[in-house]
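The structure appears below as structure tokens.
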Amino acid sequence: MIEAVTDDGVLVRRCLAGDEAALRLFVERFQGPVFGLCCRMLRHRQDAEDTSQEVFLRAFRGLSCWQPGRPLKPWLMMIAANRCRTAIRRRMSRPSAAALLDDPPSGPPWDASTDLGEELERALGRLREDHRQCFVLFHQGELSCARIGRIMGHPAGTIKTWLHRARRELADQLQRRGIVHGVRHEMHDVRT
Numbered sequence: 002m003i004e005a006v007t008d009d010g011v012l013v014r015r016c017l018a019g020d021e022a023a024l025r026l027f028v029e030r031f032q033g034p035v036f037g038l039c040c041r042m043l044r045h046r047q048d049a050e051d052t053s054q055e056v057f058l059r060a061f062r063g064l065s066c067w068q069p070g071r072p073l074k075p076w077l078m079m080i081a082a083n084r085c086r087t088a089i090r091r092r093m094s095r096p097s098a099a100a101l102l103d104d105p106p107s108g109p110p111w112d113a114s115t116d117l118g119e120e121l122e123r124a125l126g127r128l129r130e131d132h133r134q135c136f137v138l139f140h141q142g143e144l145s146c147a148r149i150g151r152i153m154g155h156p157a158g159t160i161k162t163w164l165h166r167a168r169r170e171l172a173d174q175l176q177r178r179g180i181v182h183g184v185r186h187e188m189h190d191v192r193t
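Per the numbering used here, residue 2 is the first one in the sequence shown, and the count goes up by one each step.
Structural data, given as structure tokens:
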């Protein structure tokens, strides 16, 4: 009975054996976190959908390399982050209409009817690219600073600094728009 599989090792073994129900369960279990990470990193739904599919194809091809006893989700999120970074590099090689704008508008001031999630997405979109990626990988991808450092090619100390700066900038942006008041700039929950 595949629905009862909660152990990552059992699920992986069944996937490697070609069990189609296990493959479907694998995708169902992780499609939300993978798609969410791709959406936040790529900021474009179609690109996130395409990249999410690439992530699962990569994962299935490399499933035999996953080390039993290690959590499956961080391994998969690392694949997702790497695929997103590749998509970003490809996108940067193409000119975009947004690149023609000198300074994107900050948008209207916040009112209570605006969704807080939308405001956070707007603020995330204004962060420096490496700070945003770091923030998303840490908070949504649930990856450690060391792992993010390996993905992004920088020391863990740099990642901690970027994470701190991203949090401070997000808090400042949300404060300027009147969404939050008196935010203290502190580092919390820094996974090493």
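A virtual CB, placed ideally from N, CA and C, is assigned to each residue, including glycine.
- Look at the beta carbons and you see the region 56-65 touching the region 73-82: at least three pairs across the two are nearer than 8 Å.
- Taking a cut-off of 8 Å for Cβ pairs, the region 117-130 and the region 45-57 do not touch, as fewer than three such pairs fall below it.
- Relative to the Cα of residue 7, the nearest Cα in the group 89, 72, 67, 179 belongs to 72.
- For the pair residue 160 and residue 135, the CB atoms are nearer than the 7 Å cut-off.
- Residue 170 and residue 147 have their C-alpha atoms spaced approximately 22 Å apart.
- The Cβ atoms of residue 163 and residue 140 do not sit closer than 7 Å to each other.
- Residue 10 carries a helical assignment under DSSP once its states are collapsed to helix, strand and coil.
- Linking residue 85 to residue 44 through their CA atoms gives a straight-line distance of about 10 Å.
- Within the same chain, and ignoring the five residues on either side of residue 121 in sequence, no residue has its Cβ closer than 6 Å to its Cβ.
- Residue 93 has its alpha-carbon roughly 22 Å from the corresponding atom of residue 59.
- By the C-beta density criterion, residue 150 is buried, having at least 16 other C-beta atoms within 10 angstroms.
- Around the beta carbon of residue 33, a 10 Å sphere encloses fewer than 16 other beta carbons of the protein chains shown; the residue is thus reported as exposed.
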